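Asks: One structure, pasted below without further comment.
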Amino acid sequence: MSENKTPSKAKNRPDHKVKTRVLAVFLNLVLIIFSLSCIFPLIWLFYSSLKEKRVFNADIIGLPKSPSFSNYVDILSNKDYHIFASLFNSFRTTIISVSLIIICGFIVGYILARVKFKGNRLLYVIFLMGLLIPIHSLLVPIYVVFNNTGLNNQWFTLIIPYVAFGLPIAIFLVEGYVKAIPVALEEAAAIDGSSFTRTLFTVILPTCKPILTTVGIIQTFGCWNEFSFALVLIRDQALHTVPLAMTQFTGQFSSDYPKIMAALLTTMAPIIVFYFVFSKQIIKGMVAGAVKG
Amino acid sequence: MKKKLVSLLLVVVMIFSLCACGKSKETSTKKAETKAPDATTEATDDSATKTDTSASTLAYKGDLGIMHFSTSEESQGNGGSDGFRTTIASWEKKNPDISLKQTVLANADYKTQIATLAAAGDLPDVFLLQGMNTREWVKQGLVLDMTDYIAKSPYADKYDKSKFYPFTVDGKEYAIPALTGGTCTVVVYDAALWKEAGFDTFPDTWDKVKEASKYFKKKGIDTIAFGNGGKWQANSCFLSTLGDRFTGPEWFKSLVEKKGAAFTDQTFVDALKFTQDIFKSDVFNKDFNAITNEDAREYYISGDAAAFIGGNWDVSYIQATLKDKPLYNNTKFAVLPQPAGATGDTDSHNIGLGYGIAINAKLKDDPEKLAAAIDLAYTLTGPEFANYVTDKYALSSVTKVDNLDLSKFDQFTQDFYNYSYVDHKPCEIYDSLISSAVWDVLNTDLQSMLNGDISPEDVAKNAQAAYEKNY
Amino acid sequence: MLNSIRPKKWVIALYLLFPILLYVFAVFIPLITAGFYSFFDWKGGPNKTFIGLDNYATLIKDDVFWTSFGHNIYLVFACIIGQIGLAFIIVLMINSRLVKFKAIHRTFGFFPSTISAVYIGLIWLMFYDYKRGILNWFLELIGKGDQTKVWLNEPKLVMLLIAIPLIWQFIGYYMVIIISAISSVDQEIFEVAELDGANAFQRAIYVIVPLIKNTLLVCVTLCVAGNMKAFDHIFVMTKGGPGNDSMVMALYGYKISFAQQNMGYGSAISIGIFFVSLLVIGGVQFLVKMLTKEKGEI
Numbered sequence: 005m006s007e008n009k010t011p012s013k014a015k016n017r018p019d020h021k022v023k024t025r026v027l028a029v030f031l032n033l034v035l036i037i038f039s040l041s042c043i044f045p046l047i048w049l050f051y052s053s054l055k056e057k058r059v060f061n062a063d064i065i066g067l068p069k070s071p072s073f074s075n076y077v078d079i080l081s082n083k084d085y086h087i088f089a090s091l092f093n094s095f096r097t098t099i100i101s102v103s104l105i106i107i108c109g110f111i112v113g114y115i116l117a118r119v120k121f122k123g124n125r126l127l128y129v130i131f132l133m134g135l136l137i138p139i140h141s142l143l144v145p146i147y148v149v150f151n152n153t154g155l156n157n158q159w160f161t162l163i164i165p166y167v168a169f170g171l172p173i174a175i176f177l178v179e180g181y182v183k184a185i186p187v188a189l190e191e192a193a194a195i196d197g198s199s200f201t202r203t204l205f206t207v208i209l210p211t212c213k214p215i216l217t218t219v220g221i222i223q224t225f226g227c228w229n230e231f232s233f234a235l236v237l238i239r240d241q242a243l244h245t246v247p248l249a250m251t252q253f254t255g256q257f258s259s260d261y262p263k264i265m266a267a268l269l270t271t272m273a274p275i276i277v278f279y280f281v282f283s284k285q286i287i288k289g290m291v292a293g294a295v296k297g
Numbered sequence: 018m019k020k021k022l023v024s025l026l027l028v029v030v031m032i033f034s035l036c037a038c039g040k041s042k043e044t045s046t047k048k049a050e051t052k053a054p055d056a057t058t059e060a061t062d063d064s065a066t067k068t069d070t071s072a073s074t075l076a077y078k079g080d081l082g083i084m085h086f087s088t089s090e091e092s093q094g095n096g097g098s099d100g101f102r103t104t105i106a107s108w109e110k111k112n113p114d115i116s117l118k119q120t121v122l123a124n125a126d127y128k129t130q131i132a133t134l135a136a137a138g139d140l141p142d143v144f145l146l147q148g149m150n151t152r153e154w155v156k157q158g159l160v161l162d163m164t165d166y167i168a169k170s171p172y173a174d175k176y177d178k179s180k181f182y183p184f185t186v187d188g189k190e191y192a193i194p195a196l197t198g199g200t201c202t203v204v205v206y207d208a209a210l211w212k213e214a215g216f217d218t219f220p221d222t223w224d225k226v227k228e229a230s231k232y233f234k235k236k237g238i239d240t241i242a243f244g245n246g247g248k249w250q251a252n253s254c255f256l257s258t259l260g261d262r263f264t265g266p267e268w269f270k271s272l273v274e275k276k277g278a279a280f281t282d283q284t285f286v287d288a289l290k291f292t293q294d295i296f297k298s299d300v301f302n303k304d305f306n307a308i309t310n311e312d313a314r315e316y317y318i319s320g321d322a323a324a325f326i327g328g329n330w331d332v333s334y335i336q337a338t339l340k341d342k343p344l345y346n347n348t349k350f351a352v353l354p355q356p357a358g359a360t361g362d363t364d365s366h367n368i369g370l371g372y373g374i375a376i377n378a379k380l381k382d383d384p385e386k387l388a389a390a391i392d393l394a395y396t397l398t399g400p401e402f403a404n405y406v407t408d409k410y411a412l413s414s415v416t417k418v419d420n421l422d423l424s425k426f427d428q429f430t431q432d433f434y435n436y437s438y439v440d441h442k443p444c445e446i447y448d449s450l451i452s453s454a455v456w457d458v459l460n461t462d463l464q465s466m467l468n469g470d471i472s473p474e475d476v477a478k479n480a481q482a483a484y485e486k487n488y
Numbered sequence: 438m439l440n441s442i443r444p445k446k447w448v449i450a451l452y453l454l455f456p457i458l459l460y461v462f463a464v465f466i467p468l469i470t471a472g473f474y475s476f477f478d479w480k481g482g483p484n485k486t487f488i489g490l491d492n493y494a495t496l497i498k499d500d501v502f503w504t505s506f507g508h509n510i511y512l513v514f515a516c517i518i519g520q521i522g523l524a525f526i527i528v529l530m531i532n533s534r535l536v537k538f539k540a541i542h543r544t545f546g547f548f549p550s551t552i553s554a555v556y557i558g559l560i561w562l563m564f565y566d567y568k569r570g571i572l573n574w575f576l577e578l579i580g581k582g583d584q585t586k587v588w589l590n591e592p593k594l595v596m597l598l599i600a601i602p603l604i605w606q607f608i609g610y611y612m613v614i615i616i617s618a619i620s621s622v623d624q625e626i627f628e629v630a631e632l633d634g635a636n637a638f639q640r641a642i643y644v645i646v647p648l649i650k651n652t653l654l655v656c657v658t659l660c661v662a663g664n665m666k667a668f669d670h671i672f673v674m675t676k677g678g679p680g681n682d683s684m685v686m687a688l689y690g691y692k693i694s695f696a697q698q699n700m701g702y703g704s705a706i707s708i709g710i711f712f713v714s715l716l717v718i719g720g721v722q723f724l725v726k727m728l729t730k731e732k733g734e735i
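Protein chains in written order, with the working numbering: chain A, 5 to 297; chain B, 18 to 488; chain C, 438 to 735.
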């Protein structure tokens, strides 16, 4: 990067100022390009959703010549697509899963970071293993286990794997974060006579807000977009989540991508709003600089 | 601090209320579910078929599960799917006491889920069996032997028995071929362009195609568009027919029935060699290995290629897209040209019905339910379906239709009907038979072979090894 | 000792009970089931034949599996450098006093990670497309038309070309994590480091890396784990092709289990992936710990 641009010895004032300005332009430019590239998919999804299927297939990247909202109308009015039922299912699954991941991840992560007990490291490794499970090639055993216990094809079915597979990430993030917090914080609470549980929820929890928000954001999108578990574990059309409902727009040899995109944007709109709100929270957390390290 | 506690409490309350809410919703979704079939029947009512709606004679009452891949998207471009959905809806209407539980997934997802269910021994009551899975699933005892039911079918005399081949193991039949029969290899070409190049019809040898490609190169367009990005296309839409030209049908039959033929036989290796050579020559678009057939047909539609090789599904897309455009009337169909050195039929093309309606073997223990499932299988493959797809799309299925009036269709549809069912000799679709394990190995190697990274001999050797191990 | 720092064992046990039960049920029982299946010749369905360790013997000699393993390792290193490295640099850049629209950059960066791989794959397919792609169009534009290629059909380039979308998509993911970690660091550090322009980066790295070492280590762990089971992008973009030139372990296991319906061997592959990933992750953690220790000493 640009570390070597300014030799720190030669630091006469005007030269330094010019260099700073050049650096400012450079930094801003790089970041703007990066941000634009990041937002491009969303823009592309939007204008593609205004195209007709055949126009899209003929030119995937071009702008629509005669944009129309007919895809949106079709999605919202056609009962075959059961978009609202699937939206409801996705919301329920995601909200419950993410809440459980945050709560359990916080508790376990904190315990792993702070409490010394036999098997602490073993537990850490066990949760680490969960990150390494290749879900796609394990679908059959997962189905067999769920089927034999009668837990497949229920409204709560998907919450189980989502929480279980989401936990490790949450635990590690919390663990890493808590380790950077000075122990003095808990010691002070302890001297005040606070119990473990009270310290956990009134002292530590607020401190961990930035990382928990991060966990929440990451997991929300993870659960929302998850497909493989949903495909294998859910058979009733009435229990389909959004990604499964979208397969109705896919044919064997041709898919209606603009319609899928319209559906994608319609269904993602609420969580995108959610994301904007929460990313503000993160930034607030940053500015507050919760704990001084 | 208090604020934080309150917010935490809120989260907890939210979770519990959601759980509770979920429980109460469960019953309501169940209700909605049982209602759903009526809704679909009503929806399709106006487009209903002209069949008698005589009351059902089935004794069975209760749930019957069916899994298929005729999504609403699929049914818009595919006559077979449309017919399938329509026939299901009409059957539901005739049998109000049976609650038909449909699981409809896109084809690729269907394959994943049905394989999972098969592995767990938990297949739905009625499902679509892919030809190449027949032998293995029968060996596992998953699929009901339907030989007697097929013989006793009210439409038995109208069945085209040759279509049962992929679903037959040791003389017993395990499924009734479903949906519509379509060619997997057809050359779609722009007759006007080829006339310009000096050919009144599509050339009947590859040497002439190479000749023509010089002209098209000057013009700046590709001669033939092809897409093998999904790896299966080179097998299904090229090699399967081309192989027949080299080996003749007996070789493949012998391979299927394990009567001594091998992938390493010289005639098949010759077919592979020819395939490698022709894809190395400039006849095809340069990016054939990186794009799918869906992209390749766009090259044809936009005029960037003078011809396209694909399957019937591509033809229906091209037809729907080109309608009202000048290219529509210039679009004609041809079989693959004959390769030099091939001794088999000169005009064969691979055609068949890749999926059949099969029934879970477990239904044997529940005769009433079985009777309902059989009735559904008869209906979905019988004259009601056949008439619908013939009448509306000029497609043929396993049940023969008596008097088809072709004249009411436009030239494009007539041409394609004649191409598919009348003018040319059918041959088997490789990957409707044998085993998916073999084709997956062959398809992967084939893609490398077309890049020149592996020799035809090695491709044959690997395929043979997979064949011996898995079949 | 005080209760809050040394809580009673039963309190801890109570807190851990539910997460562990759930986790073991959904993660370990299927894994053990797969381990059980891996000792059978099983083509799916009720009939299995016990064949002992035969599947593992096949696995050890399976060239495709080990080629795939190599590709996964390639992705791991490309993504540790690309995703975490770039994310870290971008976060530092955003924190610079010289940068405007900080909030926008922070928010937008995460967007690609919210969209499922199918669409990201589609966009990048178009980027690399031979006839209509942006890359070849750009090469023509700058007069290097002879360099145009059927990009995804180049056996030697395909892994790199697939790594790029992966890196790009998940930079934001690590940005969010690093941002929240840095928020626990004293903001004054930035201001101090800011004082003399470009050198800030160098300083920031030396000052901040040790402070958020734990989180970075978690990022590396997540990155390794994620890339050892990479699947979606490759499935969408190349299906592992041309041939097996972009095959990765998880896709291979999936293909064996579903496309070839060889569930027994597919299970053995899953177990194989699990163990080699465990080894790699152990190795990388060790490596990172060594490296950060050295850095700390300097």
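Every residue gets a Cβ at the ideal spot worked out from N, C-alpha and C, and that includes glycine.
Every value quoted in this text rests on a predicted model; they were computed, and no experiment measured them.
Considering only the alpha carbon of each residue, which of A/ALA62, A/LEU143, A/ALA89, A/TRP48 lies closest to C/GLY701?
Replies: When each option's Cα is compared against that of C/GLY701, the closest is A/LEU143.
Asks: Taking only three categories from DSSP, how would you classify A/LEU135?
Replies: Note: A/LEU135 maps to coil in three-state DSSP.
Asks: Which residue from B/ASP475, B/GLY94, B/SER453, B/ASP80 puts its Cα closest to that of C/ALA699?
Replies: At residue 699 of chain C the sequence reads Asn, which differs from the Ala that was named. When only C-alpha atoms are compared, the closest one is B/SER453.
Asks: Assuming B/LEU146 and B/ALA375 make a contact with CB atoms under 8 Å, what is their CB distance in whole Å?
Replies: That pair is a contact at about 4 Å.
Asks: Hey, would you say B/VAL143 sits closer than 8 Å to B/SER87, going by beta carbons?
Replies: No, these two residues do not count as a Cβ contact at 8 Å.
Asks: Contact defined as beta carbons within less than 8 Å: I believe B/LEU289 pairs with B/ILE451. What is the distance between those atoms, to the nearest angstrom?
Replies: In fact, because the Cβ distance is near 16 Å, the residues do not count as touching under 8 Å.
Asks: Roughly how many angstroms lie between the CA atoms of C/LEU603 and B/SER414, to the nearest whole one?
Replies: Using only the alpha carbons, I get a separation of about 45 Å.
Asks: At least one CB of chain C closer than 8 Å to the CB of B/SER465: is that the case?
Replies: At least one chain C Cβ lies under 8 Å of B/SER465.
Asks: DSSP state of B/ALA375, grouped into three classes?
Replies: Note: B/ALA375 maps to strand in three-state DSSP.
Asks: Could you tell me whether the Cβ atoms of C/LEU576 and C/GLY582 are closer together than 8 Å?
Replies: For C/LEU576 and C/GLY582, yes; Cβs fall inside 8 Å.
Asks: With 8 Å as the threshold, decide whether the Cβ of B/SER453 is near any Cβ in chain C.
Replies: It does: the Cβ of B/SER453 has a partner Cβ on chain C nearer than 8 Å.
Asks: Taking C-alpha atoms, which residue in A/PRO274, A/PHE282, A/LYS284, A/LEU268 lies nearest to A/ILE47?
Replies: When each option's Cα is compared against that of A/ILE47, the closest is A/LEU268.
Asks: Let's test the definition: count the other Cβ atoms within 10 Å of the Cβ of C/ILE579 and tell me whether it reaches 16, buried, or not, exposed.
Replies: Exposed.
Asks: Closest Cβ-Cβ distance between C/PRO467 and chain B: below 8 Å?
Replies: Answer no: the Cβ-Cβ gap between C/PRO467 and chain B never drops below 8 Å.
Asks: Against chain A, does C/LYS666 count as a neighbour if the rule is that its beta carbon must be under 8 Å from one of theirs?
Replies: Closer than 8 Å: yes.
Asks: Only counting the same chain, and skipping five residues up and downstream in sequence, which positions put a Cβ closer than 8 Å to that of B/GLY158?
Replies: Excluding sequence neighbours, B/GLY158 sits near ALA378.
Asks: Check whether the Cβ of B/THR461 lies closer than 8 Å to any Cβ atom in chain C.
Replies: Judged by the 8 Å Cβ criterion, B/THR461 is in contact with chain C.
Asks: Could you tell me whether the Cβ of A/LEU209 comes closer than 8 Å to any Cβ of chain C?
Replies: Answer no: the Cβ-Cβ gap between A/LEU209 and chain C never drops below 8 Å.
Asks: Tell me the rounded alpha-carbon separation between C/GLY704 and B/GLN355.
Replies: It should be pointed out that residue 704 of chain C corresponds to Ser in this sequence rather than to Gly. Using only the alpha carbons, I get a separation of about 44 Å.
Asks: Report the three-state DSSP secondary structure of B/GLY188 (helix, strand or coil).
Replies: In the structure shown, B/GLY188 sits in coil (DSSP, three-state: anything other than H, G, I, E or B).
Asks: Measuring only the C-alpha atoms, how far is B/ASN15 from C/PHE723?
Replies: As shown, chain B starts at 18 and ends at 488. That puts residue 15 of chain B outside it, with no answer to give.
Asks: What does C/ASP478 pair with, by DSSP beta-bridge criteria?
Replies: DSSP output for C/ASP478 lists C/THR486 as bridge partner(s).
Asks: B/ALA323 CB to nearest chain A CB: under 8 Å?
Replies: No, because no Cβ of chain A sits closer than 8 Å to the Cβ of B/ALA323.
Asks: For the alpha helix (DSSP H) containing C/HIS542, name the first residue and the last one.
Replies: Start and end: 539-546.
Asks: Please report the distance separating the alpha-carbon of B/LEU117 from that of B/SER92.
Replies: Going from the Cα of B/LEU117 to the Cα of B/SER92 covers about 19 Å.
Asks: So what's B/CYS254 in DSSP terms, helix, strand or just coil?
Replies: The answer is helix: DSSP assigns B/CYS254 an H, G or I state.
Asks: Starting from B/HIS85, follow its DSSP beta bridges and name the residues at the other end.
Replies: Answer is B/VAL121, bridged to B/HIS85.
Asks: Go through the region 497-568 of chain C residue by residue and report every complete run of the alpha helix (DSSP H) that reaches 4 residues or more, in order.
Replies: Counting only runs of 4 or more, we get 500-516, 523-532, 539-546, 548-551, 554-565.
Asks: Starting from the C-beta of C/LEU598, find all residues in its chain whose C-beta is less than 7 Å away, skip the five residues before and the five after it, and write them out in chain order.
Replies: Contacts found: TYR565, TRP588, LEU589.
Asks: Please report how far the alpha carbon of B/ASP383 lies from the alpha carbon of B/ASP80, in whole angstroms.
Replies: Each residue's alpha carbon lies about 12 Å from the other.
Asks: Could you give the uninterrupted runs of the alpha helix (DSSP H) lying entirely in the region 177-232 of chain A, keeping only those of 4 residues or more?
Replies: Taking only runs of at least 4 residues, the alpha helix (DSSP H) segments lying wholly in the region 177-232 of chain A are 188-195, 213-229.
Asks: Going along the region 707-727 of chain C in order, which residues come within less than 8 Å of chain B, judged by CB to CB distance?
Replies: Those would be none; no residue qualifies.
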